[in-house]
Amino acid sequence: MMKRKAIPGKPRRFAYPGLDRVIHERARLGVLTSLLTHPTGLSFITLKQLCGLTDGNLARHLQVLEDAKLVDIARGSELNRPQTIYRISPRGRKRYLEYLAVLEQVVLDASAAIAVDSNTKGKEAPAIG
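Structural data, given as structure tokens:
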């Protein structure tokens, strides 16, 4: 992976490097949010329903999250049927909360820009004509 060099003298205020690419993808964000709100874990079927994903799509995103060590998987059985329970890992919880802090900064920055834009709209110079 090629790293880009920072341009000297150019501010990087709005680069948001903390927007973790693994988490930022919509489906994975949904999976992690679901798991965070259900600390005892969720089955594959329940996750699929909560996130509105197909079997294959959910399986692929769970694999990415497992590879990144953001989810823990517990395989067992319930009523003599195999069942897999997914939980957010301690590492996943930490990275998710760090991601949310950066996302909160994005919202604050955007809100400030919108407020400035709203305040200047009423102070435009009158048209001459």
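Residue numbers (our numbering): 1 to 129. The beta carbon of each residue, even a glycine, is placed where N, CA and C say it ideally should be.
Check, Outcome
"Which residues in the same chain have their Cβ closer than 7 Å to the Cβ of D55, if we skip the five residues on either side of it in sequence?", "K48"
"Would you check if the distance between the CB atom of L58 and the CB atom of S34 is smaller than 8 Å?", "no"
"Rank P39, T84, G52 and L97 by C-alpha distance to the C-alpha of A27 and give the top, closest one.", "G52"
"So is Y16 buried or exposed if we call it buried at 16+ other beta carbons inside 10 Å?", "exposed"
"What is the residue span of the alpha helix (DSSP H) that G76 lies within?", "Careful: G76 lies outside any alpha helix (DSSP H), inside the beta strand (DSSP E) at V71 to E78."
"Quick one: Cα of R91 to Cα of L97, how far?", "10 Å"
"Of the residues S118, S111 and D20, which one's Cα is nearest the Cα of R65?", "First, the residue type needs correcting, since residue 65 is Leu and not Arg in the sequence shown. Nearest option by C-alpha distance: D20."
"Taking A68 and V106 to be in contact with their CB atoms under 8 Å, please state how far apart those CB atoms are, rounded to whole angstroms.", "About 21 Å; that fails the 8 Å criterion."
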